[in-house]
Structures are given as structure tokens and as C-alpha cells.
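The next block holds one structure in the form of C-alpha cells; read it before the comments.
There are 2 protein chains.
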Amino acid sequence: MDPHLLRTFVAVARLASFSAAARELGYTQSAVSQHIAALEADLRAELLTRRPVAPTHAGARLLEHAGPLLLRLDAARADVLRLAAAPPGRVTLAASPLAVGPGLLAALPATGVTLRVMPPDRVPAALAAGDCDLGLVDGLAAPSDPLRLPDVAPLKITGVGEEALALLLPAGHPFARRAAVRLDDLADARWLDAPDAGLPLTPAHGSARTALRYEGTDLHALCALATAGHGLVLLPRRVAEAAASAGSGAGAAVPLDAPRLVHRTELLAPGNPSGAAAALAARLTAGSPYDHRTEQ
Amino acid sequence: MDPHLLRTFVAVARLASFSAAARELGYTQSAVSQHIAALEADLRAELLTRRPVAPTHAGARLLEHAGPLLLRLDAARADVLRLAAAPPGRVTLAASPLAVGPGLLAALPATGVTLRVMPPDRVPAALAAGDCDLGLVDGLAAPSDPLRLPDVAPLKITGVGEEALALLLPAGHPFARRAAVRLDDLADARWLDAPDAGLPLTPAHGSARTALRYEGTDLHALCALATAGHGLVLLPRRVAEAAASAGSGAGAAVPLDAPRLVHRTELLAPGNPSGAAAALAARLTAGSPYDHRTEQ
DNA sequence: CCCGGTTACGCTTGTCGTAAAGATT
DNA sequence: AATCTTTACGACAAGCGTAACCGGG
Numbered sequence: 001m002d003p004h005l006l007r008t009f010v011a012v013a014r015l016a017s018f019s020a021a022a023r024e025l026g027y028t029q030s031a032v033s034q035h036i037a038a039l040e041a042d043l044r045a046e047l048l049t050r051r052p053v054a055p056t057h058a059g060a061r062l063l064e065h066a067g068p069l070l071l072r073l074d075a076a077r078a079d080v081l082r083l084a085a086a087p088p089g090r091v092t093l094a095a096s097p098l099a100v101g102p103g104l105l106a107a108l109p110a111t112g113v114t115l116r117v118m119p120p121d122r123v124p125a126a127l128a129a130g131d132c133d134l135g136l137v138d139g140l141a142a143p144s145d146p147l148r149l150p151d152v153a154p155l156k157i158t159g160v161g162e163e164a165l166a167l168l169l170p171a172g173h174p175f176a177r178r179a180a181v182r183l184d185d186l187a188d189a190r191w192l193d194a195p196d197a198g199l200p201l202t203p204a205h206g207s208a209r210t211a212l213r214y215e216g217t218d219l220h221a222l223c224a225l226a227t228a229g230h231g232l233v234l235l236p237r238r239v240a241e242a243a244a245s246a247g248s249g250a251g252a253a254v255p256l257d258a259p260r261l262v263h264r265t266e267l268l269a270p271g272n273p274s275g276a277a278a279a280l281a282a283r284l285t286a287g288s289p290y291d292h293r294t295e296q
Numbered sequence: 001m002d003p004h005l006l007r008t009f010v011a012v013a014r015l016a017s018f019s020a021a022a023r024e025l026g027y028t029q030s031a032v033s034q035h036i037a038a039l040e041a042d043l044r045a046e047l048l049t050r051r052p053v054a055p056t057h058a059g060a061r062l063l064e065h066a067g068p069l070l071l072r073l074d075a076a077r078a079d080v081l082r083l084a085a086a087p088p089g090r091v092t093l094a095a096s097p098l099a100v101g102p103g104l105l106a107a108l109p110a111t112g113v114t115l116r117v118m119p120p121d122r123v124p125a126a127l128a129a130g131d132c133d134l135g136l137v138d139g140l141a142a143p144s145d146p147l148r149l150p151d152v153a154p155l156k157i158t159g160v161g162e163e164a165l166a167l168l169l170p171a172g173h174p175f176a177r178r179a180a181v182r183l184d185d186l187a188d189a190r191w192l193d194a195p196d197a198g199l200p201l202t203p204a205h206g207s208a209r210t211a212l213r214y215e216g217t218d219l220h221a222l223c224a225l226a227t228a229g230h231g232l233v234l235l236p237r238r239v240a241e242a243a244a245s246a247g248s249g250a251g252a253a254v255p256l257d258a259p260r261l262v263h264r265t266e267l268l269a270p271g272n273p274s275g276a277a278a279a280l281a282a283r284l285t286a287g288s289p290y291d292h293r294t295e296q
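As given, the protein sequences belong to chains Y and R, one line each in that order.
Quick note on numbering: the first sequence equals residues 1 to 296 in this note's numbering.
Quick note on numbering: the second sequence equals residues 1 to 296 in this note's numbering.
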């Protein structure tokens, strides 16, 4: 089970073609064919149907394993290489949209930082692959509970902020004048689904119908959709309030009465933060105005 | 970063010797030396100091990655091979000691099952390596929260039981006559540390001093130690009560008043449970008397 | 008959073992 | 001096590419 074979296998499965995979990987079709044959011989199972090329049952299983496996492998490489590489002055920080808040902005030094915003589920992978030096992710969790992140690598995870939640909705919405709403009230609400912006439909939303799916990481657009009545979104309270007032009165932010659910932001750092990265990490964990708001 | 090289590397690091690793792996010392050299050239970093052989900083980092990586690799192999292998009638079930309860015993069919008890942290690895077909682990968690397990492979995880906790202590202990104790009361208690039996010292125990460390998976011995006053143990309530009464009055079980903390048991199954394993899994999740006690 | 995957075969490269050299206690 | 790692080198196998082959649309 050479990683090379595995990589070829996932490429073939993804592209549904031996020749396309060969082109992508810089091999000949023949080599790809041999790779798959070697894998199938090793595992004593047919992994792909040919013509059309599609994973068999066993192949599908292997695919589930292969992704995380290759990711971890890259992570290990990148991690050790990062140790050896001369620590450059620049730091690249990957962050999910809702992790970009006042706490982060206050902690950023004047120079030397690249900020890269991406969907939260891609942050760990970016860190693993060495594309960035630090990661900031956010998500919903119980107070002081860590987020449930895929463990792609031994990462140092630090909570850097927790904030209560609020619902963003149009000013004319029946709930808009309430002092607070409870999750029970929202059992069959219509939610906006915006996984790239860090607002996927979670178990907290119940068996909700999706109002609209938004693909992108732009919070302003998302808030505009919400205040225009295309669906509800659950946001950190400050963000919701800012969006409600910014929209020239078109929106309203209603606090969510769910004491066991908060918006949490976490800092992910590889075990070996280089000098500049370590300094930024320290400022993010300690110096942030988010910091001491750990309860409620 | 060939897995073979990685495997050699961890062996060398573990044994602190090239030659010993070579013997263990069936290579010559020369080959081992070449493996390490290849790794170091690839990662452009010295991974081991020679004489004495010890991991460098970079090597230590790589070691952190290598373990889970190799485990996942074995898991993938085992998983796919299991698919192809003719499903034998026998099922091997790996379980942590406290997961062996009435629920399990009731669900066991008359024949065809091998039960293997091991420390909870070794169950996922056993499943990954294909040494067993199903796993049962237990641990402390918030109600209806899943346990935090290392994700060695894409496993199907199902909660099969939650139970309140109780403290087992000698009959003469100051707490023995209380109706319940709270975690605050136990801030500086002396705890038994028995990680192999599934009772490691957790954050729930505060910054506790360890009374005695017990290595082994035998609950009876552990309960005897507790009732003899060698330290406190936190057990599922039924287990604690049974142990208290079994010890001919030497012990007492005091319910723990911590509504946010329960003893939870989970069933781990690979994605491809074979016929017999699937049947047992179904009986464990559905038929168990544990099953409907999900709250409190 | 064309497109795409497989098989045959030669060549290059890599990997292991033997054996000699080098280093460290 | 003894022990353990490294280096040199030869043998063998693995892996890739070229090219011929085959099977389905």
C-alpha cells in the first residue's frame, strides 16, 4: 500500500479515467494501470470497474481511508520541513470567515502577515499541507467545549473566544421584536445553509428545511440575504447586531436563548510554530479582546 | 516518506538502536542505516542523534505523526481485506473492562463470539489493525455527547448506554454516609489511577494527587483496593453498588451529583461489518437493556 | 474503427546484503 | 579494543515508458 499507489487510485476514482489520472500525475496510462493492478493484487479485491471507471464496493471503502491518510502524510512532511526551513518573517494565517473578528484584527501586527480566508473545514487541511502557519476556525459548541475537528495532525488547539449567539432576520419578521428566541421556537424555521462561510446546517438546527444554499465566504452577502428574508442565520451576537444595524434598519438581531450553545473560535497551531508564528499565536490567545469572555 | 522508512524510523527510535531495529524488522543494520539516511535526506533534517541514538527535535515531531499514520495505514489495509475475506461465522469483540456489563452479556449469542478485554485506548487500534470485528469502549462524557476517541479510521460509532456515576469508597469513609457527593467536595481527594481498567485520571478529577496506580484490567481487584481505602474510584452507579454490597459491607457507593457527567459506552464498528458482526452490533445497539437510559 | 485499458518487454533506478571503513566510548 | 553506525559496491527486483494487444461502443 504505497502512498503513490493510493494517490493514483484516488486520482483515477475522482477523474473516472485512467488516462486523465495519468495526465494529471505525469505518468503514462500504462503506469497508472500497473498502479491499480498492484493495489488490487495487494488487497486481493477489485477496486474499480473499468468502462465505465467507477469504484467498486471495496474501492469506495478504500477511498474513505485514502483521503485522510494522504492528508496526514502531507501534514507530517510539511510539519517536519517547516521545522528545518529557515523561519521567514512572514506568517500566513488561514481563518474561517467568522473567525475574522475584532480580536484577530487587534492582534495583527502592522506587517508580515498574510491572511487567507477559507471555509472552516479546509483550514485544518491547509495547516496540514503547510500552506499556512496558523489557523483560526469557528463553530458551534457547548461552552468551554472544544470544537470537533478532524485530527489531521497533532495540532495545538487553543480556544481564543466564545460568544453568545443571535439570530439575524428581517425587521418585519414575527420574531424580530422578541427579546430572545429559544431553539424550540425554531423547530421548523427555514435556515440559510452556508457551509463555506462556516454556517452549515448543524444538529442544533433540528430537522430544518433549507431555505437557500449560499456558497461563498462573504458574510456581508449572507447577512444581506438574511435581512432580505431568504432565511435565518445563526451568528455570533456582535456580528448579528452589527449586521442588523448596518443594513439601515432592514434587519434585526434577536439573542438566542440557548445557554448550552455558543459560538467558539479556536486557534490551531502546528507543534512547531516558527518565531513569527509563535508571536502571533501568543497575541491571539492572550492579547485578544475576545479572550476573557469564556463564560455565557 | 515511504511507510517502510517510517516504520523503520519508529522502530529505531523506540529501541534506541539501529541494530536492534534491524533484528526486529528482519533487515540488516546497513539497510536500517540507509532507511534513516533516506528519510533524513528527504526531509532535509537530522532526525536521530547517533550514539546515543535518540530523536532530535525534528525526529520527535515526526514520531508524533508516524504513529497515527501507520495505524491508519494498517486500518485501511485491514478494512479492505476484511471486505474480501470470506465472512467467518466467528466474531471477535474487543471491549474495555467497564464496557462489559449486563447489556453486553444479554446481547451475546450462545456461540461464535470471542470477547477480548483490553484497555480502552487500545480498542480503536485493535479494530484498526483488524484484530477484532467490533469494539466497545467506555468513558466519561457529558450526557449524549460522544466520547472523544482518536480517529484511526472511518468508524461507525454508536452510543449503547449511559449511566450515572457513583463513588466507591470504604464503609468508614467520611463521605460514606452521604446521600451524594459533588465534584467540588472531591477537589483534593486521593484517586486510584487505573488507566488499563478504563479509569485514568481525567480533568474531572481536578488536579488530584494519585493515591495508587493500578495496572491491569481486573475490576474486582480495583474495587477491592477502593473499599480497602487505597483511594477513590469513580464507577458507573450499578457497578459501584454491586461492588459495595459484594465486599461484605466493606465498601460503600455514593452517587455522584454531577448532572453534566455520565459514564458512556459506545460501540465501534468498521464501515463493513460482516454478517455475524453486523448481527451482534444490532443486538448491542437495540436489544441492550442499557439502551433507553440515555438521559440522567 | 477508434478510444481506452491491459500486457509484454527493455531499461533505469532503487533497495538490499556483504564487507570494509570510521567513529565513539 | 569492542561495539555500533556508515560507506562502498555488486546483485537483484521494482517501476516506468514504449509499443503491441485487446475489448467494447
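From the three backbone atoms N, C-alpha and C, an ideal C-beta is built for every residue, glycine too.
Per DSSP, the unbroken alpha helix (DSSP H) holding E40 (chain Y) starts and ends at 29-43. Rounded to whole angstroms, the separation of the alpha carbons of H263 (chain Y) and G172 (chain Y) is 26 Å. Take A126 (chain R), set aside five residues on each side of it, and the residues of its chain with a beta-carbon closer than 6 Å to its own are A94, C132, in chain order. Proximity to R190 (chain Y) across Y:K156, Y:A179, Y:L225 peaks at Y:L225, based on C-alpha coordinates. L155 (chain R) and R177 (chain Y) have their C-alpha atoms spaced approximately 45 Å apart. Beta-carbon to beta-carbon, P146 (chain Y) and G159 (chain Y) are separated by about 7 Å, close enough to satisfy the 8 Å threshold. Between A13 (chain Y) and L70 (chain Y), the C-beta gap is not smaller than 8 Å, which leaves the two residues out of contact. About 4 Å separates the CB atoms of G161 (chain R) and T265 (chain R); that is less than 8 Å, so the two are in contact.
By alpha-carbon distance to P102 (chain R), the top candidate from R:L256, R:V239, R:A269 is R:V239.
Around the beta carbon of L105 (chain R), fewer than 16 other beta carbons sit within 10 angstroms, so the residue counts as exposed.
In the structure shown, the three-state DSSP call for E241 (chain Y) is helix. Taking A166 (chain Y) as the centre and dropping the five residues before and after it, the same chain places the C-beta of L235, R237, A240, E241, A253, V254, P255, L256 closer than 7 Å to its C-beta, in chain order. In this structure V152 (chain Y) is in contact with P68 (chain Y), their Cβ atoms being roughly 7 Å apart against a cut-off of 8 Å. In terms of Cβ geometry, G112 (chain Y) and G89 (chain Y) form a close pair [threshold 8 Å]. Shown here, R178 (chain R) sits in coil according to DSSP, grouped into three states, outside any helix or strand. CA-to-CA, the gap between A276 (chain Y) and L108 (chain Y) works out to about 11 Å.
Around the beta carbon of R61 (chain R), 16 or more other beta carbons lie within 10 angstroms, which makes this residue buried. Our two residues, L47 (chain Y) and A78 (chain Y), have alpha carbons roughly 30 Å apart in a direct line. Note: T114 (chain R) is bridge-paired with R:T92 in the DSSP secondary-structure output.
Residues of chain R with a Cβ closer than 8 Å to the Cβ of G271 (chain Y) are, in chain order, R61, E64.
By the 16-neighbour rule on beta-carbons within 10 angstroms, H65 (chain R) is buried. The contact set of R72 (chain Y) on chain R, defined by CB atoms closer than 9 Å, consists of H65, P68, L69, R72 in chain order.
The Cβ atoms of L168 (chain Y) and A278 (chain Y) lie no closer than 8 Å to each other. If the five residues before and after T285 (chain Y) are omitted, its C-beta is found closer than 8 Å to the C-beta atoms of T158, V160, L267, D291, all from its own chain and listed in chain order. Look at the segment 132-152 of chain R: the residues with a C-beta under 9 Å from a C-beta of chain Y are A142, D145, P146, R148, P150, D151. For R122 (chain R), the three-state secondary structure derived from DSSP is helix.
Identification of chain Y residues near A13 (chain R) by a Cβ-Cβ cut-off of 8 Å yields none; the smallest Cβ-Cβ distance measures about 14 Å. For H35 (chain R), the nearest beta carbon of chain Y is not closer than 8 Å to its own beta carbon. Here DSSP, grouped into helix, strand and coil, assigns P68 (chain R) to helix. Residue range 102-107 is occupied by the alpha helix (DSSP H) that includes L104 (chain Y).
According to the DSSP secondary-structure assignment, L167 (chain R) is paired through a beta bridge with R:L234, R:V254. D2 (chain Y) and S245 (chain R) have their alpha carbons spaced roughly 56 Å apart. D185 (chain R) carries a helical assignment under DSSP once its states are collapsed to helix, strand and coil. Remark: C-beta atoms of D74 (chain Y) and A21 (chain Y) do not approach each other more closely than 8 Å. The continuous beta strand (DSSP E) containing R190 (chain R) extends over residues 190-193. Apart from sequence neighbours up to five positions away, the residues of its chain that approach H35 (chain R) with a beta-carbon distance below 6 Å are L5, T8, ordered along the chain.
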